[in-house]
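Have a look at the structure below before the remarks.
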């Protein structure tokens, strides 16, 4: 039962440097045998040799203008007061742009500067300098000159330059061939219609393969190999024979069926097993038959990250090129972030441009959450010697989306509602340059974000127990100095989300106290949590009477997922979430969900676009289709700071 | 003979805005009918519809660790002082990462935290919180949630997110189909072995097509159409039928055979003919059969620029996406730049990072010089209301090469020598991250650039008539306050470059004064010009005795090209240039060509890499092969400021 569960803890930079040094000594990173390809097909390829022109361009003296070719000597002395006349056919010849300047002629006068007296005679009022408006031989490219050096990444204009020099076929480095091997008995292909518990959809190699393609490599996606030592051994040997580089996913950790490291050690050499990063720790950097073999962890975020840290530099080296640096921006971090000392953590963040400041908000840190990469706008690298940041600290963020898109993104922080997905999609459809970024931290969290000027607006459904009104008293209390406009988004049904068929026979909030009923709650500060506490107080039920009151989730959908998965019997949430996962729903109350918008942002496109989309009949129709929504006041201003009520 | 030679002069931004407005009204820029493709093939495509998850991920409660699954209730109270024992099989079950957490269990303890007493018993020293190390159903993706909105450009991680949500086929916008039509009787295909005067190699549509591909469009390159009104008319109609968009190159100006504008007017509508840009003025923005039809000028730089200004935004709109902004940097312009008022000029610049400052040096402004685009590191846009800049002004530069490459570029400004091409290529081959950028402004120009701190080193071969020494006295005079190290690159033969077979019977410098002999000179400040003047003085020959003394070129190769093309009978230059163009050569003198390197840059990689390359036997061998070079002192320090001589 004893297992070797401890991995190395090297800084990844050190591990990579050692690895590249080792591979370079083996000549494993030299570009392969050059390929001859057509110049026209050379976009984004890398030159394997310098390219020299085989002809000059132009290869004759060419007129640079539409006009008349002349001998400059014939024109000397011409001026406004002493115009000169030239005979067509003898002293002047019509030429168009690109025409050869006829033998013996050495200048061109622009058509605009020529006065045609008759068919045979022209008049000019200034002299032509020798070689004026003539593109002399080799003006652009001189035969034999170097057009491009080796190791040059070819852009569209380069194709023009190469063809201008008369070269129609060129030598380029071959695209590095990378075998990407999914391994694991639990893996199933994505088109599987019959997922069983324990099945994992194999998508990592599709992500890794897409990265490799993006970097100029040629990925070969292997079939899934089961966790069988000998099977895996044969496949790895085959891959090392066929490819320039092998990426194995996963089995890179130290679990019972993690064979990768032992296999690489048996077949070749392991240089590193484990680096000090989070996520991505259990990476293997090895070599078999003179080829790099990299074991990347199975968690999708770890896999994507390891691929970027270790596979990308190898692909580029093998391509004779240099990886472009990720564009980086400065941003203020919106909340305190604690990270482990001794480990470089890669934190995914959402970005928003609010009040001329870029705000970075950390999102899920789970290595298994691929959506954290999909939703992220950037990556914050927290160095090994740091324990994190205080809210407001200025940090460097590597962009995952273009900054101009971030600038056009409407940031909504606050309570979660499924309508926000629909809003995001309509916004993007109407305005391709726009986007919606929503972070779900509960209604009170949204107002706090407004206070810190981290968001353009907040979604809130905060019931004031005394007045029965929504949001106003909270805004007055939390944002006394700011001018806030309250716009309704929807009214929605909140109720108990329960399993299909209601097996535990739950009919109202009081049933939550029954023996054998477990509950899933929302986090503190969520409007739904406040609603629950208000209702429980009305009923005289205490928190400790409910099993699972401490079990907190952050969104309606995760509450519904908990019920659907059986980890809870009931949760309080919106009808749309129950409907989405085909669960039963017992209405408890209709509540109002508003957007709180600072007046100062009202006229900005990020807000105006939102309001226009909310007014679209198609948008409202689709929201109604989600179930449990009423849009009678959608887009209506309900209140503004300074109003009486 | 009367022609309509005057075009519009609209600001391009205004012309584009009008054009997009007009096309949008016609629905001409809406993405086409969506295509269903495999998610795996979706890299860099754009979603046509929002993508909703069809399953949750994970779709079961999964262990997040290798360890043992437990019931959290069984673990309560465990601590270092009161460890708890659990029975394997009854209270604890081995699970690997990704395994389903068995029915009734609700937490996982990491393998590292488990003490295995024997096969049947484990001991733990801390309690497990409910759902600890469990990835609950939907932790990553909840069934029915939106994974991506419409109009989203798909990145590698997005492919993972979509597959995790169970979606294997998605709807994407089709790539816009763009017909690119080369027109002109003078055009010949690039593989032509028998170029005649007046033939122009057709490469523009290959450049335009590559841009369109880069932007996500699908270019269709048409065959060359001759300048025949009816032929062209048929082809344009055919293209407008088959494609989403038509780009015609060229015939967009107002010359005798420029039919494009008349044809578009006849077949549809012309919105703009001529914009206030330089280059790129004679562009046509039109429409035929509800499709955008754009006439771009024939000069390659104009064509590339017009395509970026007008075709790019249409391709992106039709793709449902937004063009990424070109990355921009600040740079100091190295010399005075005068530009015409009323026209937005796009000036190509070389960039260099010298002394922690980025320096932009304008290069050729000819619209016909495609190599000015190949060699450029960036574009400086000079606004219409500006007349240019003073040296040292800080300007915005749009990058054409990644900045990290610019940072690693060795900048050499000064005299031209063919060896620099060989040096550039070897440098890049040895160090893929490195590059050499050389600007040819003559030896004195190089020393001036050193003085202004615009270059890492200068190439010079300045003969002191009094001492017979090279460079030292000039450095002392021009750079008295700087510590300069003089390193020899080569000795080379300078002599008369003359036509093959020497038809004018030129045998020495005195023969330049003969009747019927024309000369091509180098520009003032060039070492070769100084050498010529020195030799002419020795011989008692005056400048006005030589026909063509005023005809100036900037490089040895352009002098050789002038002789090869017959615009001059002789020029003074290096043997390598004569040899390259298969011309005759009469040696006049051997001279020394040095690199002048400020001591402060000596230890920097940009200089050290250069010195290492100069020491390579392969490099020296290849230079010798050019002819007329002696490398006996290559890489040797000849002198340093403060030395006696």
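Chains as they are written, first to last, in the numbering used here: chain A, 1 to 645; chain B, 646 to 1290.
Cβ atoms here follow ideal geometry from the backbone N, Cα and C, with glycine treated the same way.
Is residue 415 of chain A close to chain B? Criterion is C-beta to C-beta, closer than 7 Å.
No, no contact with chain B.
CB contact below 7 Å: residue 786 of chain B versus chain A
Among the CB atoms of chain A, one or more fall inside 7 Å of the CB of residue 786 of chain B.
For chain A, check one thing: does any of its Cβ atoms lie closer than 7 Å to the Cβ of residue 813 of chain B?
yes
Can you name the residues of chain A whose CB is closer than 7 Å to the CB of residue 802 of chain B?
207, 304, 370, 373 and 374
In the DSSP output, which residue or residues are listed as bridge partners for residue 85 of chain A?
Bridge partners of residue 85 of chain A: A/123.
Give the DSSP bridge partners of residue 552 of chain A, in chain order.
A/521
Who does residue 379 of chain A pair with in a DSSP beta bridge?
A/348 and A/398
Chain-ordered residues of the stretch 1195-1215 of chain B with a beta carbon less than 7 Å from chain A:
Residues 1196, 1202, 1203, 1206, 1207, 1209, 1210 and 1212.
Can you tell me the Cα-Cα spacing of residue 9 of chain A and residue 273 of chain A, whole angstroms?
8 Å
Under 7 Å between C-beta atoms of residue 135 of chain A and residue 925 of chain B:
no
In chain order, what residues of the same chain have a beta carbon less than 6 Å from the beta carbon of residue 668 of chain B, not counting five sequence neighbours either side?
674 and 937
Would you check if the distance between the CB atom of residue 133 of chain A and the CB atom of residue 36 of chain A is smaller than 7 Å?
no
Cβ-Cβ distance between residue 304 of chain A and residue 802 of chain B below 7 Å:
In this structure, residue 304 of chain A sits near residue 802 of chain B, with a CB-CB distance shorter than 7 Å.
Does chain B have any CB closer than 7 Å to the CB of residue 300 of chain A?
yes
Would you say residue 1274 of chain B faces chain A, with C-beta separation under 7 Å as the test?
Not one chain A Cβ lies under 7 Å of residue 1274 of chain B.
Own chain, CB closer than 7 Å to residue 2 of chain A, minus 5 neighbours either side, in chain order:
Any reading at residue 2 of chain A needs caution, since the residue's pLDDT is 40, under 50, leaving its predicted position unreliable; the model's value is listed next. None.
Would the beta-carbon of residue 425 of chain A be found less than 6 Å away from any heavy atom of the ligand MN?
Among the components modelled here there is no ligand, and therefore nothing to report on the ligand MN.
Excluding sequence positions up to five away, which residues of its chain have a Cβ less than 8 Å from the Cβ of residue 762 of chain B?
730 and 768
Taking C-alpha atoms, which residue in B/1150, B/873 and B/1283 lies nearest to residue 828 of chain B?
B/873
Who pairs with residue 932 of chain B in a beta bridge, going by DSSP?
B/914 and B/937
Please classify residue 721 of chain B as buried or exposed, where buried requires at least 16 neighbouring CB atoms within 10 angstroms.
exposed
Have a look at the DSSP bridge pairing and note the partners of residue 1064 of chain B.
Answer by DSSP bridge pairing: none, since residue 1064 of chain B is not bridged.
Do residue 179 of chain A and residue 243 of chain A have their beta-carbon atoms positioned less than 7 Å apart in this structure?
yes
So residue 875 of chain B and residue 150 of chain A are in contact, right, with Cβ under 8 Å, and what is the actual spacing, rounded?
Not confirmed; about 48 Å, so no contact.
Does the separation of the CB atoms of residue 437 of chain A and residue 350 of chain A fall below 7 Å?
Between residue 437 of chain A and residue 350 of chain A, the CB-CB gap stays under 7 Å.
Quick check on this structure: which residue in A/329, A/400, A/552 and A/515 has the alpha carbon closest to the alpha carbon of residue 776 of chain B?
A/552
Quick one: grab the DSSP three-state call for residue 472 of chain A.
helix
Kindly indicate if chain B contains any beta-carbon less than 7 Å away from that of residue 404 of chain A.
yes
Report yes or no: do the stretch 482-498 of chain A and the stretch 583-594 of chain A share at least 3 C-beta pairs separated by less than 8 Å?
yes
Residues of chain A with CB closer than 7 Å to the CB of residue 855 of chain B, please, in chain order.
43, 156 and 159
Helix, strand or coil for residue 2 of chain A per DSSP?
Because the pLDDT at residue 2 of chain A is just 40, under 50, the model does not fix this residue reliably, and the value given afterwards should be weighed accordingly. Note: residue 2 of chain A maps to coil in three-state DSSP.
Neighbour flag for residue 177 of chain A against chain B, beta carbons, 7 Å:
Not flagged as an interface residue toward chain B: residue 177 of chain A, since no C-beta distance is shorter than 7 Å.
Looking at chain B, is there any beta carbon in it that lies within less than 7 Å of the beta carbon of residue 40 of chain A?
yes
Residue burial classification, residue 620 of chain A (beta-carbon count within 10 angstroms, cutoff 16):
buried
Beta-carbon of residue 655 of chain A versus every beta-carbon of chain B: anything under 7 Å?
Shown here, chain A extends from 1 to 645; a query on residue 655 of chain A therefore has no answer.
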